[in-house]
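Peer 1:
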Amino acid sequence: MASAPVKYLDLQSQFQDPCLWDVVRSELESTQFILGPKVETFEENFADYCQCEYAIGVNSGTDALFIALKAVGVGVGDEVITVPNSFIATAGAIVATGARPLFVDVAMDYNMDVSLIEAAITPRTKAILPVHLTGNPSDMPAIMAIAKKHGLSVIEDAAQSVGASINDQRVGAFGDMGCFSLHPLKNLNGCGDGGMITTNSKSLCEEVKLLRNHGLKNRDEIACFGFNSRLDSIQAAVANYTLSKLESIISKRIKLATLYDSLLKGASEYITIPSRLPHVRQVYHTYVIRVKNRSGLIAYLTNHQIETKIHYPIPIHLQGPALQFGHVRGDFPECEVQAKEIISLPIHQQLSEEDVSYIATTIRGFYGL
Ligand SMILES: *Cc1c(COP(=O)(O)O)cnc(C)c1O
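In my numbering, the protein residues as written are 418 to 786.
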């Protein structure tokens, strides 16, 4: 049996890789820190990986969302349909454009309940912003059909799901644009902030490239007022190196998740594991299950030196600053129940199968199984 403690994350061992030090050293030597050649190399490789025509590097996943929304023309007075159970940046980016997030509840897989979208659409609705939470793609074929029928743009929040796919089509390639994060905690991580936008539209690609760089069309002249949101070259170089490892990172995570699934199933009275669909590839940024007596379980796991997290304990519509949208407890019941029952177990790629067995055995022990 594995040795405790089991930490939720282990960036230390990932970033001890001497190859990464060489990658950073060569960027320092080049001094091409702002939109240097490595940014373009990484953009090309990332676009290929996501099976998209274009990929554009920006400052963060949050900026990717904000700039993508700006590029499709979302602004003051508009509404954007999204979910209340994401990381706060999803709704934050919508609010930053001056638009209003229109939340729809989630389904048992923690993603947008597509059967609720059409009822939420109003004449002011401009876009749908689904989140592929935990690394599990939202039902993009259904969302694209609704968007087409109502003339809405679609921006995918793929910050947790690089490499996930539906019928072998990668996320970020379904909507008008896909938004990704290179935050150190994500599956494809840099050593600081970074983000990517994918698209198959040449004009959206050009618009995003203007917006991320002050609107500059040449050294001295702008085409529009923009922002400073460039992916810096060191992060591009680190992420480009990590991209070469991404498939093995994902395979490891899928292997660990499959093991968790098999060790925890059959305890359904206490533990609910989301169903897995054969045509969907999940990449397990997080491994999230629902449990009874969550606080008791967390305390028990902590005593056994197993670290866990909750993504996310407070639904966005119940955050203080969201009160301006007039929501009350009970508006999104499935999301609210899930917020009380979900727990994220360790699933990083440095974890061993023995670690997972230890965690699963400890959980079963808590429930007397
Ligand atoms: C991490 C994350 C973001 C924000 O990405 P940053 O790079 O941290 O700005 C947005 N949406 C979701 C779902 C995320 O998990």
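For glycine and all other residues, C-beta sits at the position ideal for the given N, C-alpha and C. Computed from a prediction, not measured in an experiment: that's the story for all the values here.
1) For the alpha helix (DSSP H) that contains Asp649, what are its first and last residues?
2) Per the DSSP calculation, Asn710 is bridged to which residue(s)?
3) Only counting the same chain, and skipping five residues up and downstream in sequence, which positions put a Cβ closer than 8 Å to that of Lys543?
4) Any chance you could list the residues with Cβ under 6 Å from a heavy atom of ligand 1, keeping chain order?
5) Please check the pair Asn502 and Val523, which I expect to be a contact at CB under 8 Å, by giving their CB distance rounded to whole angstroms.
6) Is the Cβ-Cβ distance between Ser598 and Ala576 less than 7 Å?
7) Note the first and the last residue of the continuous beta strand (DSSP E) segment covering Thr499.
8) Using CA atoms only, rank isn't needed, just tell me which of Ser555, Ile545, Gln755 and Asp427 is closest to His696.
9) Using beta-carbon positions only, say whether Val708 and Ile760 come within less than 7 Å of one another.
10) If you compare alpha carbons, which of Val423, Gln433, His549 and Pro422 is closest to Thr659?
11) Between the region 476-489 and the region 664-682, do three or more beta carbon pairs fall short of 8 Å?
12) If you measure between the beta carbons of Leu426 and His728, is that distance less than 7 Å?
13) Please say whether Met594 and Ile560 have beta carbons closer to each other than 7 Å?
14) Between which two residues does the alpha helix (DSSP H) harbouring Val625 extend?
15) Any idea what DSSP makes of Asp480, helix, strand or coil?
16) Could you please give the first and the last residue of the uninterrupted alpha helix (DSSP H) stretch that includes Phe459?
17) With DSSP as the reference, identify every bridge partner of Met529, one or two as the case may be.
18) Are the CB atoms of Val456 and Ala653 nearer to each other than 7 Å?
19) Which stretch, first to last residue, makes up the alpha helix (DSSP H) that contains Asp610?
20) Is there contact here, the region 462-478 with the region 609-627, by at least three beta-carbon pairs under 8 Å?
21) At a cut of 8 Å, does the region 641-648 reach the region 621-631 through at least three beta carbon pairs?
22) With burial defined as no fewer than 16 other Cβ atoms inside 10 Å of the residue's Cβ, what is the status of Gln755: buried or exposed?
23) Do Val655 and Cys608 have their C-beta atoms closer together than 7 Å?
24) Our contact map puts Val521 next to Ile534 with C-beta atoms below 8 Å; I'd like the distance itself, whole angstroms only.
25) Which word fits Pro518, buried or exposed, when buried means at least 16 other C-beta atoms lie within 10 angstroms of its C-beta?
26) How far does the beta strand (DSSP E) with Thr542 in it extend, from its first residue to its last?
27) Compute the beta-carbon to beta-carbon distance between Val705 and Thr507, rounded to the nearest angstrom, for a pair I have assumed lies under 8 Å.
28) DSSP on Gly595, reduced to helix/strand/coil?
29) Buried or exposed for His702, going by 16 or more other Cβ atoms inside 10 Å?
30) Any idea what DSSP makes of Thr616, helix, strand or coil?
31) Would Pro763 pass as a contact of Val423 if the rule is Cβ separation under 7 Å?
32) Give me the DSSP bridge partner(s) of Arg517.
33) Would you say Pro691 and Asp526 are within 7 Å of each other, going by their C-beta atoms?
34) From what residue to what residue does the beta strand (DSSP E) around Val489 run?
35) Our contact map puts Lys626 next to Ile473 with C-beta atoms below 8 Å; I'd like the distance itself, whole angstroms only.
Peer 2: This is what the structure holds:
1) By one-based count along the sequence shown, residue 649 stands at place 232. Note, Asp649: premise wrong, no alpha helix (DSSP H); not H, not E.
2) Mapped onto the sequence shown, residue 710 falls at position 293. In the DSSP output, where bridge partners are listed per residue, Asn710 has none listed.
3) One-based indexing of the sequence shown puts residue 543 at position 126. Excluding sequence neighbours, Lys543 sits near Val489, Gly490, Val491, Asp495, Glu496, Val497, Ala516, Leu569 and Ser570.
4) Ser477, Gly478, Thr479, Ser503, Phe504, Ala506, Thr507, Val548, Asp574, Ala576, Gln577, Ser598, His600, Asp610 and Gly612
5) Within the sequence shown, the letter at position 85 stands for residue 502. Within the sequence shown, the letter at position 106 stands for residue 523. 5 Å between Cβ atoms; contact.
6) Along the sequence shown, one-based indexing puts residue 598 at 181. Along the sequence shown, one-based indexing puts residue 576 at 159. The answer is yes: Cβ separation under 7 Å.
7) Within the sequence shown, numbered from 1, the residue matching residue 499 stands at position 82. Run containing Thr499: Glu496 to Thr499, per the beta strand (DSSP E) assignment.
8) Working through the sequence shown from its first residue, we reach residue 696 at position 279. With distances taken between Cα atoms, His696 lies closest to Ser555.
9) Your numbering for residue 708 matches position 291 in the sequence shown. Your numbering for residue 760 matches position 343 in the sequence shown. Closer than 7 Å, so yes.
10) Position 242 of the sequence shown, counted from the start, is the residue given in the question as residue 659. Here the closest residue by C-alpha is Gln433.
11) no
12) As a working mapping, residue 426 is identified with position 9 in the sequence shown. As a working mapping, residue 728 is identified with position 311 in the sequence shown. For Leu426 and His728, no; Cβs fall outside 7 Å.
13) For this step, residue 560 is matched to residue 143 along the sequence shown. For this step, residue 594 is matched to residue 177 along the sequence shown. In this structure, Met594 does not lie closer than 7 Å to Ile560 by Cβ.
14) Translated into the one-based positions of the sequence shown, residue 625 becomes position 208. Segment Lys619 to Arg629, the alpha helix (DSSP H) holding Val625.
15) By one-based count along the sequence shown, residue 480 stands at place 63. Note: Asp480 maps to helix in three-state DSSP.
16) Counting from one through the sequence shown, the residue named residue 459 turns up at place 42. Its alpha helix (DSSP H) spans residues Pro454 to Tyr466.
17) The count along the sequence shown starts at 1 and reaches residue 529 at position 112. Answer is Val523, bridged to Met529.
18) As a working mapping, residue 456 is identified with position 39 in the sequence shown. As a working mapping, residue 653 is identified with position 236 in the sequence shown. In this structure, Ala653 lies closer than 7 Å to Val456 by Cβ.
19) The residue labelled residue 610 in the question sits at position 193 within the sequence shown. Counting along the chain, Asp610 falls outside any alpha helix (DSSP H), and DSSP gives it neither H nor E.
20) yes
21) yes
22) Sequence index remark: in the sequence shown, residue 755 carries index 338 (1-based). By the 10 Å Cβ count, Gln755 comes out buried.
23) As a working note, residue 655 is residue 238 in the sequence shown. As a working note, residue 608 is residue 191 in the sequence shown. Yes, they are a contact pair.
24) Within the sequence shown, residue 521 is the residue found at index 104, counting from 1. Within the sequence shown, residue 534 is the residue found at index 117, counting from 1. So it is a contact: roughly 6 Å between Cβ atoms.
25) The sequence position of residue 518 within the sequence shown is 101, counting from 1. With 16 or more Cβ atoms within 10 Å of its Cβ, Pro518 is classed as buried.
26) Taking the sequence shown and counting its residues from 1, one reaches residue 542 at position 125. Counting along the chain, the beta strand (DSSP E) containing Thr542 begins and ends at Thr542 to Ile545.
27) As a position in the sequence shown, residue 705 is number 288, starting the count at 1. As a position in the sequence shown, residue 507 is number 90, starting the count at 1. 17 Å between Cβ atoms; not a contact.
28) The residue labelled residue 595 in the question sits at position 178 within the sequence shown. It is a strand residue.
29) Within the sequence shown, residue 702 is the residue found at index 285, counting from 1. Buried: at least 16 other Cβ atoms inside 10 Å.
30) Locating residue 616 in the sequence shown gives position 199, where the first residue counts as 1. Here Thr616 sits in strand by DSSP.
31) Numbered from its first residue, the sequence shown carries residue 763 at position 346. Numbered from its first residue, the sequence shown carries residue 423 at position 6. Yes; because the gap between Cβ atoms is below 7 Å, this pair is in contact.
32) Counting from one through the sequence shown, the residue named residue 517 turns up at place 100. Glu496, per the DSSP bridge assignment.
33) Within the sequence shown, the letter at position 274 stands for residue 691. Within the sequence shown, the letter at position 109 stands for residue 526. Closer than 7 Å, so yes.
34) Start at 1 with the first residue of the sequence shown, and residue 489 comes out as number 72. Unbroken run through Val489: none, as it is neither H nor E.
35) For this step, residue 626 is matched to residue 209 along the sequence shown. For this step, residue 473 is matched to residue 56 along the sequence shown. That pair is a contact at about 6 Å.
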